[in-house]
Structures are given as C-alpha cells and as structure tokens.
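Chemist: Numbering of the sequence shown is given in numbering that gives the first Met the number 0, commencing with residue 0 and proceeding in unit increments. Every residue gets a Cβ at the ideal spot worked out from N, C-alpha and C, and that includes glycine.
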Amino acid sequence: MDKITIYADKGREFGVIEYLRNMCPLNKIKLCEQQMTVADFAIDYNGKTLAIIERKRWDDLANTIKTPNRKDNHNKLIKYRNDAEYKTHIIYFIEGTSPFIKDPISGVTANQLYGFLDSVSLRDECFVMYTMNLENTAQRLITLAIKYDKIKRDERKEENRIILLSIPKLISEPTVEIDEIIDNNSDNNVINNPDNNADLDISDNISECSFCSSISTSMTTGTRTRLRINKTFDEMRDDCLLELNGITRENIPELRKYKIADLLFGTLDLKEISELTYPRSNRKFGSVLAKKILTQTTADHHKFLDAVRGITTKTAKIIMNKYEMRDLINLSITALSAIPKSKLQTLGKSTATLIHNIINS
Numbered sequence: 000m001d002k003i004t005i006y007a008d009k010g011r012e013f014g015v016i017e018y019l020r021n022m023c024p025l026n027k028i029k030l031c032e033q034q035m036t037v038a039d040f041a042i043d044y045n046g047k048t049l050a051i052i053e054r055k056r057w058d059d060l061a062n063t064i065k066t067p068n069r070k071d072n073h074n075k076l077i078k079y080r081n082d083a084e085y086k087t088h089i090i091y092f093i094e095g096t097s098p099f100i101k102d103p104i105s106g107v108t109a110n111q112l113y114g115f116l117d118s119v120s121l122r123d124e125c126f127v128m129y130t131m132n133l134e135n136t137a138q139r140l141i142t143l144a145i146k147y148d149k150i151k152r153d154e155r156k157e158e159n160r161i162i163l164l165s166i167p168k169l170i171s172e173p174t175v176e177i178d179e180i181i182d183n184n185s186d187n188n189v190i191n192n193p194d195n196n197a198d199l200d201i202s203d204n205i206s207e208c209s210f211c212s213s214i215s216t217s218m219t220t221g222t223r224t225r226l227r228i229n230k231t232f233d234e235m236r237d238d239c240l241l242e243l244n245g246i247t248r249e250n251i252p253e254l255r256k257y258k259i260a261d262l263l264f265g266t267l268d269l270k271e272i273s274e275l276t277y278p279r280s281n282r283k284f285g286s287v288l289a290k291k292i293l294t295q296t297t298a299d300h301h302k303f304l305d306a307v308r309g310i311t312t313k314t315a316k317i318i319m320n321k322y323e324m325r326d327l328i329n330l331s332i333t334a335l336s337a338i339p340k341s342k343l344q345t346l347g348k349s350t351a352t353l354i355h356n357i358i359n360s
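(1) With burial defined as no fewer than 16 other Cβ atoms inside 10 Å of the residue's Cβ, what is the status of Ser42: buried or exposed?
(2) Note the first and the last residue of the continuous alpha helix (DSSP H) segment covering Glu242.
(3) Strictly by DSSP, which residues pair up with Thr333?
(4) Using the C-alpha atoms, what's the distance from Thr136 back to Asp71?
(5) When the distance is taken between beta carbons, is Ile16 closer than 8 Å to Ala38?
(6) On the DSSP bridge list, what partners appear for Pro339?
(7) Should Gly245 go down as buried or exposed, given a rule of 16 or more other Cβ atoms within 10 Å for buried?
(8) Find out if the Cβ-Cβ distance for the pair Tyr257, Leu267 is shorter than 8 Å.
(9) Please report the straight-line C-alpha distance between Gln344 and Leu121, rounded to a whole angstrom.
(10) Would you kindly check if the distance between the Cβ of Glu242 and the Cβ of Ala306 is under 8 Å?
(11) Mapping DSSP to helix, strand and coil, what is Ala7?
(12) In three-state DSSP terms, what is Phe303?
(13) Among Asp117, Ile5 and Lys47, which one has its Cα closest to the Cα of Gln34?
(14) Closest to Arg291 by CA distance: which of His301, Ile272 and Ser280 is it?
(15) Is the stretch 54-63 touching the stretch 22-30 in the sense that three or more CB pairs, one from each, lie closer than 8 Å?
(16) Between the Cα of Pro339 and the Cα atoms of Ala351, Ile328 and Asn329, which residue gives the shortest distance?
(17) Can you tell me whether Asp367 is buried or exposed, with buried defined as 16 or more other CB within 10 angstroms of its CB?
(18) For Tyr44, is the classification buried or exposed, using 16 other Cβ atoms within 10 angstroms of its Cβ as the cut-off for buried?
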C-alpha cells in the first residue's frame with residue numbers, strides 16, 4: 000500500500016520532530032529523520048518529492064535578509080525545484096505571531112519582511128504559510144501530507160479510468176500465454192499450420208486442475224512452457240527479488256522483509272540497508288551495495304515480470320516497452336488486468352492480482 004513520507008532534518012528540526020513522532024498517523028504517513036541538504040522538511044510520495052519546506056521564525060527571517068548572501072538559500076530551493084524530475088512545490092512556513100507593518104524585528108521592519116515574502120510568492124511562485132509555534136508547524140506538515148496523499152490518489156484513479164477507457168474491448172475468454180519454440184519442420188508449426196493454433200490455448204484455470212498442477216516441463220512437441228504453476232508465492236517473490244540490482248542468493252534472506260515497491264523506488268534508508276549483514280559470513284552489506292540495491296532504475300524489469308506466473312518473456316518485454324515500472328506500481332489491479340499482452344488478450348485479473356501482491360508484499 001502506498002504511503003506518503005515526511006522527511007525532517009534531524010539536526011535543525013528536533014523540536015518539530017518530537018511533535019511529529021507523537022502526532023503522525025502511522026497507517027497513513029511515514030516519518031523519516033535524516034540530514035537534509037536542501038530545506039528543513041520534504042513531503043514525498045512513491046519516490047517523488049512533492050514539496051520542500053523551509054521553516055523560518057520572524058527573527059530568523061530578519062537575520063537572513065540582512066546578510067549579503069541572503070538569497071543563497073532561497074536560490075538553492077529554486078535550483079532544486081528546477082532540476083527536479085517531478086513537479087515540486089516550495090513552501091515557506093513562517094512561525095510565530097505576525098507583526099504589524101512598522102514593528103522592528105532584529106534591526107529591520109516587518110514591512111521589509113512582508114516585502115520579501117511577497118516577492119518569493121509572486122515572483123518565484125513559492126507558497127507562504129503561517130504557523131503559531133512548533134506544535135502548529137507539525138500539525139500543518141501532517142495536514143499537508145494528508146492532502147497531498149489524497150490528491151495523488153485521486154490522480155491515480157483518474158489515470159486508471161483513462162487507461163481503461165483507452166483500451167478497446169478485447170475477447171474476454173482468458174488464456175495463459177506460453178513461450179513457443181517453433182520447429183519449422185514440425186507439423187506443430189503454427190505458422191505453417193494455422194489450424195494448430197487452438198492447441199496452444201490453455202485455460203487460466205489450469206492451476207486449479209489437480210492433473211495439470213503437476214506439469215513443470217514441456218507440454219507439446221516443439222513447445223516449451225514457462226508456466227510456474229507449481230511454485231509458491233514466496234518462491235515467485237524471491238525470483239522477482241533476484242532480478243533486482245545487487246540482490247543475490249547470498250543476501251536475499253536479509254531483504255525478504257522489505258516491500259518490493261520500496262526497493263524499486265529506493266525509499267528505504269541507505270544506512271539501514273548498508274548495516275545489514277550476510278547470514279553466513281556476518282559481513283555488512285556496506286554503502287556501495289546498499290546504493291546499488293536502492294538504485295533500481297537500471298534493473299532489467301522485463302526479467303522481473305518474467306518471474307511472475309502467467310507472464311512470459313515475450314509478454315514481459317511487450318509490457319515494459321509500453322510502461323515503466325513506476326507506472327505499473329501505481330496501477331490498481333483493475334487497470335493492471337486490462338493491460339494488453341497480445342492483440343486478443345489482456346493480463347487478466349488473476350495475473351494482475353499476483354503482480355500487485357508481489358510488488359506490494
């Protein structure tokens with residue numbers, strides 16, 4: 000299940016963090032405390048940074064605009080937003096009681112501070128929000144995170160609806176696709192003998208048949224099956240894990256406890272992964288392997304899908320040519336089941352459910 004994350008700088012924002020620890024609804028929001036290089040807080044959804052947030056008290060803001068390099072930090076926020084792969088909001092939290100226009104604050108007037116905030120709002124398209132104290136700041140972070148979560152879920156529903164509307168009505172009779180090794184000299188060659196096409200259709204319910212459940216190798220002359228009808232869910236999940244960067248038979252026991260979606264998005268804590276140890280040697284994974292495991296953008300994802308029962312190499316390649324793994328992770332079971340795997344077939348609900356459950360387990 001998707002979970003939105005609040006990142007908080009553990010060095011500067013320990014006061015707000017104390018409130019967040021007690022106030023965050025753990026079933027909806029994940030709190031991650033770490034050293035931040037840009038901003039004081041960030042809100043993240045499935046590996047996408049939706050907002051970076053800078054917290055300033057009025058006296059902090061006054062001291063900032065008095066310094067010669069007062070724009071440096073603001074420019075860092077702008078640069079981060081411009082370089083981000085996804086749309087990212089910049090939000091300023093101004094903490095404390097709002098002063099009157101002529102009130103002096105640390106050597107400058109409140110009017111100058113309001114002028115700065117107006118500039119970053121109107122010129123740089125940043126959001127300015129006002130909070131009363133540390134507790135109120137924590138509350139606003141949580142309400143923002145919940146609102147972002149709702150927005151992203153609504154977007155996903157709309158995307159799924161559009162996908163379903165864009166897919167033409169296909170033949171509804173489900174079949175399980177198999178890899179074919181064609182012998183051009185064989186009577187079973189479906190190219191030379193199209194009437195044999197029907198012999199290659201296998202019902203989706205094959206795994207429910209006690210006779211068919213014992214099948215594990217070839218089924219017909221010239222045909223090799225890639226069905227995994229006698230593998231357990233955990234075995235298939237391991238096969239999928241082993242197709243990810245850095246994961247081997249030796250270290251997989253330590254990684255089974257993590258959700259595959261979190262590994263694919265790289266949202267897990269780098270230090271936590273680096274501190275894991277190999278079961279046999281008790282040697283730590285180390286930061287190099289941890290970075291490799293949490294950087295799955297170069298993983299061969301068609302092989303990942305190929306490890307799922309009911310998905311062949313051919314089908315996996317077709318799907319990954321049309322979709323990125325990030326897109327598949329965000330699709331509902333209904334939308335996944337409607338993905339075409341051939342001109343006449345969709346993935347079907349059983350295969351879609353299996354993919355969804357493996358990724359989110």
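Modeler: Walking through what the data contain:
(1) Counting from 1 along the sequence shown, the entry for residue 42 is found at position 43. In the sequence as presented, Ser is not what sits at residue 42; that position holds Ile. By the 10 Å Cβ count, Ile42 comes out buried.
(2) Stepping through the sequence shown from its first residue, residue 242 is reached at position 243. Note, Glu242: premise wrong, no alpha helix (DSSP H); not H, not E.
(3) Sequence index remark: in the sequence shown, residue 333 carries index 334 (1-based). In DSSP, Thr333 forms no bridge with anything.
(4) Within the sequence shown, residue 71 is the residue found at index 72, counting from 1. Within the sequence shown, residue 136 is the residue found at index 137, counting from 1. Going by the C-alpha atoms only, they are around 24 Å apart.
(5) Counting from one through the sequence shown, the residue named residue 38 turns up at place 39. Counting from one through the sequence shown, the residue named residue 16 turns up at place 17. Going by C-beta atoms, Ala38 is not nearer than 8 Å to Ile16.
(6) To locate residue 339, count along the sequence shown from 1; it is residue 340. Looking at the DSSP assignment, Pro339 forms a beta bridge with Thr345.
(7) As a working mapping, residue 245 is identified with position 246 in the sequence shown. By the 10 Å Cβ count, Gly245 comes out buried.
(8) Against the sequence shown, residue 257 aligns to sequence position 258. Against the sequence shown, residue 267 aligns to sequence position 268. Yes, the pair counts as a contact, with Cβ atoms nearer than the cut-off.
(9) For the purposes of this step, residue 344 is identified with residue 345 of the sequence shown, where counting begins at 1. For the purposes of this step, residue 121 is identified with residue 122 of the sequence shown, where counting begins at 1. If I take the Cα positions, the gap works out to 52 Å.
(10) Mapped onto the sequence shown, residue 306 falls at position 307. Mapped onto the sequence shown, residue 242 falls at position 243. Yes.
(11) Taking the sequence shown and counting its residues from 1, the one referred to as residue 7 is at position 8. It is a strand residue.
(12) Counting from one through the sequence shown, the residue named residue 303 turns up at place 304. Helix at Phe303.
(13) Within the sequence shown, the letter at position 35 stands for residue 34. Nearest C-alpha to Gln34: Ile5.
(14) Residue numbering aside, residue 291 sits at position 292 when the sequence shown is read from its first letter. Just to set this straight, residue 291 is Lys in the shown sequence, not Arg. Per the Cα distances, Ile272.
(15) no
(16) As a first step, residue 339 must be located in the sequence shown, where it is residue number 340. Ranking Ala351, Ile328 and Asn329 by Cα distance to Pro339 puts Ala351 first.
(17) The structure shown does not extend to residue 367, since the chain is modelled only from 0 through 360, so no value can be given for it.
(18) Within the sequence shown, residue 44 is the residue found at index 45, counting from 1. Tyr44 should be labelled buried.
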